[in-house]
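A.B. asks: Chains as they are written, first to last, in my numbering: chain A, 410 to 1169; chain B, 590 to 795.
Every residue gets a Cβ at the ideal spot worked out from N, C-alpha and C, and that includes glycine.
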């Protein structure tokens, strides 16, 4: 029959044994139903962790040097524990104990074989070598679990039962020889002197009655137990009850390994893992046990060799403090170290209301109170809680801690529901574990602040300076005299221009100089209009603002009259909301000068074409889809004028009236490729003429009329005597006046020194 | 980063429109034309949204603030409501409604252009005061020269061969500058279009 492996120490046991021969833990020979006993929530905790062990935690001095927050309930637990420990120590004081070395020699061969078969790989000398890692109270090694279990689990009440079971398993050897574990024999991979098996005669009594805690809160722990459905925690409820009756103080041990995994969850669940760690440390550091199994010289070696700076950094303690409190002459583990204040505490550590209050009031921020006190010989939990200081939290734990919910603003949003995972799983009324969705071991350091690089800072400062300068300029107060001077100068300029315009028709009429040459683009436009087929309509597109309506009306008047004289049909649209109305106005104005031309029968107004360049592109591809209705919301393409038009190439000409070079460029780029032989003409403002000139030279534009002089040239080609010539005097007079003003002003500015130089 | 779906839609739309421009196949045109139609419709709706934002988001908000600008906001809102009411009632083709543009909008904007001419002239007086360097002087001389040329007072130069050739050369200077501007615009537009088509630039991401 196969050996029954202990779920705690993972050592082989007699299949018939109910408890582990080594650690006295409950054995599970077969799959059992999920236990309902309240203590199994702690077993689940063991299962989650169960990897790390800090042998150094057996040292109460070192552990006490980094106390962290200890709740009141934990302090009461410790007090009761110390009371029981003292009572046990008094009982055991009368029993003689054999030295560890002697026990080692008396270890039977069969037991050595069992231990060697389980983990023995190193020799005794290797196992006895203390390592630096062993000093760290939070160091975690896989084998530490096996070493720590006997140090905290054995109980004097179970000695007889334990021996009887051992005798049943190996009667000939067990009855004659005391069972002593050889230091390091259990686990040769970790050579630490304190890893010896604890003799049952000197086993400490359990210090932490977890059953009482579970019994008080059995209803709350039950969901958690139900969730723990695997492993050695699956105890039969009946067996647990019977066991509780037989053993009123069950062997419930906690180790740091058991808490290592749960600790990660507890940091998020507002659970004080440090306080629980201290509780476990107290249980594992039985003075009786260490005083008899650890030689004094070993303690000295531990102090001298194992307490390195790195370990001290892990503890956030100064090396001097540690050495001052634990000298080689003074054993670290002694009976006198835990000085208790029993009188101040209630013997019963738990009351029914304690746990909910603790859980309800637990907050992350409250448990980040490390203490600066290097060592505390007093295990008074309340005093430790008062001495907690933030700065002494171990670095590894500090790094593993996730951002506090308070920092992230999560604390206010945490619902008061039961946790679904972690140590507090199933317990109602606890704070929810925030699910950060990331590795909580690597907390990000940005918090609520924004990470800004130096370059970004520089750019931001530069932008802020620019904004400030802008505001400064706006905030500059101009003196009233300067303001008045500016107004006067503007009035003088306006009055002079108006006077010149008024006098140009009479005073300057003899000095008007008419252009002798016609611009080639105007001549080309005239030729194109003159050859337009009368069977097809002409598309007139207005893309200009009302501000330049006067200039474009002047420029386009002669061209429109030329078209009307040929009795052509017009289709009007505008890519500007007001352009359609302005185009109708231009048509009506030109029609007045053309006899027999009725705009109502020759003009179809399609209205406003939105979309800018996109609309023009749609118009070039499918004009019926782009402009389906007239501005009267009639169907446009059923009229006689547009009935035969399916594309822009079906128009006899496309004439665009524009005031901006950008809009002119859009029309050229979007519709010209689809026009084919249809000419593209422009009537533009003088400011858009230079940009349109390259398109004309490349042949994309058939011709254009720009500005006042373009209109004048077109009139002259039409041999009309319209108003352009009459306005030429005013135009030239004002232009010359402006030239004189700018020239005089520039010369005065050049002659006069700068204002700053004058002030200086 | 925006959803890859939006980038995919943008890139595919651009490629389809571009392909329909270069390859006018019926299938491509059948896809391209509705897409352009949607874009034009959305542009029209954007104009409507802009008008609503101007009235509600700017001027109505300004009414709740203290200051002298409240009066002008009241004028704007009332004018908008009147014009909109008449526009919906009469229609945009009504001659009386078109007088809103021809009798109000055109004179106002033309007056602003006239004021701009005076302001530019006054600012030209301080041209060299701000830029007293060689480039300022070149700009100053260019303004003077082209104002004189465009005024037409040098029309008599047609009879002087040397002066005519000189003025003809000056007329080509703006065309040369315009070509450079157009080439720069074309290259910039091409680069922008390629960046959008390959998803490197996302102007639609807001």
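With 9 angstroms set as the bound, which would you pick, yes or no: does the beta-carbon of residue 536/A sit closer than that to a beta-carbon of chain B?
C.D. replies: Below a pLDDT of 50, predicted positions are generally treated as unreliable, and residue 536/A, at 44, falls in that range; the measurement from the model is reported next regardless. For residue 536/A, the answer is no, since every Cβ of chain B falls outside 9 angstroms of its Cβ.
A.B. asks: Under three-state DSSP, which class holds residue 665/B?
C.D. replies: helix
A.B. asks: Who pairs with residue 1012/A in a beta bridge, going by DSSP?
C.D. replies: Answer is 979/A.
A.B. asks: Can you pull the chain A neighbours of residue 685/B, defined as C-beta to C-beta under 7 angstroms?
C.D. replies: Correct list: empty, because the minimum Cβ distance to chain A is about 12 angstroms.
A.B. asks: Looking at C-alpha atoms only, which residue of 1067/A, 1069/A, 1032/A is the closest neighbour of residue 1052/A?
C.D. replies: 1032/A
A.B. asks: Quick check on the DSSP output: the alpha helix (DSSP H) that includes residue 608/B runs from which residue to which?
C.D. replies: Annotation for residue 608/B: the continuous alpha helix (DSSP H) segment containing it runs 593-611.
A.B. asks: Give the C-beta separation of residue 1079/A and residue 1029/A to the nearest angstrom, bearing in mind that I take them to be a contact with Cβ-Cβ under 8 angstroms.
C.D. replies: Confirmed, about 5 angstroms.
A.B. asks: Are the CB atoms of residue 1088/A and residue 1063/A nearer to each other than 9 angstroms?
C.D. replies: yes
A.B. asks: With DSSP run on the structure shown, which of helix, strand or coil describes residue 421/A?
C.D. replies: Here residue 421/A carries a strand assignment [DSSP, helix/strand/coil].
A.B. asks: Could you give the C-beta distance for residue 1043/A and residue 988/A, rounded to a whole number, given that I count them as a contact under 8 angstroms?
C.D. replies: Taking a contact as a CB-CB distance under 8 angstroms, the pair residue 1043/A and residue 988/A does not count as one, their CB atoms being some 20 angstroms apart.
A.B. asks: Starting from the beta carbon of residue 722/B, find every residue of chain A whose beta carbon is closer than 8 angstroms, and list them in chain order.
C.D. replies: In chain order: nothing, as chain A lies at least about 12 angstroms away.
A.B. asks: In or out: residue 1128/A buried (at least 16 other Cβ within 10 Å) or exposed?
C.D. replies: Classification for residue 1128/A: exposed.
A.B. asks: Express the C-alpha separation of residue 601/B and residue 934/A in angstroms, rounding to a whole number.
C.D. replies: Residue 934/A and residue 601/B: Cα-Cα distance of roughly 41 angstroms.
A.B. asks: So which of 749/B, 759/B, 704/B has the shortest CA-CA distance to residue 901/A?
C.D. replies: Residue 704/B is the option with its Cα nearest to residue 901/A.
A.B. asks: Which residues in chain A have a C-beta closer than 7 angstroms to the C-beta of residue 698/B? List them in chain order.
C.D. replies: 954, 955, 956
A.B. asks: What residue does the beta strand (DSSP E) around residue 1113/A start on, and which one ends it?
C.D. replies: Taken as a continuous stretch (DSSP letters only), the beta strand (DSSP E) holding residue 1113/A covers 1112-1115.
A.B. asks: Between residue 610/B and chain A, is the shortest Cβ-Cβ distance under 9 angstroms, so that the two count as touching?
C.D. replies: yes
A.B. asks: Under 8 angstroms between beta-carbons, which chain B residues line up against residue 991/A? List them in chain order, please.
C.D. replies: 690, 691, 695
A.B. asks: With a CB to CB cut of under 8 angstroms and the five nearest residues on each side skipped, what residues in its chain are close to residue 599/B?
C.D. replies: 785, 788, 791, 793
A.B. asks: Can you say whether residue 1158/A is buried or exposed, counting buried as having 16 or more other CB atoms within 10 angstroms of its CB?
C.D. replies: buried
A.B. asks: For the alpha helix (DSSP H) that contains residue 890/A, what are its first and last residues?
C.D. replies: 889-913
A.B. asks: First and last residue of the alpha helix (DSSP H) that includes residue 1062/A?
C.D. replies: Bounds of any alpha helix (DSSP H) do not take in residue 1062/A; it lies within the beta strand (DSSP E) bounded by 1062-1067.
A.B. asks: Does the Cβ of residue 606/B have 16 or more other Cβ atoms within 10 Å, making it buried, or fewer, making it exposed?
C.D. replies: buried
A.B. asks: Between which residues of its own chain and residue 729/B is the CB-CB distance below 8 angstroms, once the five residues before and five after are set aside?
C.D. replies: 716, 717
A.B. asks: Do residue 736/B and residue 1147/A have their C-beta atoms within less than 9 angstroms of each other?
C.D. replies: yes
A.B. asks: Cβ of residue 1068/A within 9 angstroms of Cβ of residue 956/A?
C.D. replies: yes
A.B. asks: Three-state secondary structure (DSSP) at residue 1092/A?
C.D. replies: strand
A.B. asks: Does residue 1154/A have its Cβ less than 9 angstroms from a Cβ in chain B?
C.D. replies: yes
A.B. asks: Determine, using beta carbons only, whether residue 489/A comes closer than 9 angstroms to chain B.
C.D. replies: Not closer than 9 angstroms to any Cβ of chain B, the Cβ of residue 489/A fails to qualify, so no.
A.B. asks: Taking the alpha carbon of residue 1096/A as the point to measure from, which residue in 1090/A, 1073/A, 480/A has its own alpha carbon closest?
C.D. replies: 1073/A
A.B. asks: Interface residues of chain A around residue 715/B at Cβ under 8 angstroms?
C.D. replies: 1154, 1158
A.B. asks: In angstroms, rounded to a whole number, what distance separates the CA positions of residue 751/B and residue 760/B?
C.D. replies: 14 angstroms
A.B. asks: Do you know how far the Cα of residue 500/A is from the Cα of residue 489/A?
C.D. replies: Each residue's alpha carbon lies about 17 angstroms from the other.
A.B. asks: Our contact map puts residue 771/B next to residue 1103/A with C-beta atoms below 8 angstroms; I'd like the distance itself, whole angstroms only.
C.D. replies: At roughly 6 angstroms, the Cβ-Cβ gap stays under 8 angstroms, so residue 771/B and residue 1103/A are in contact.
A.B. asks: Are the Cβ atoms of residue 1123/A and residue 971/A separated by less than 9 angstroms?
C.D. replies: yes
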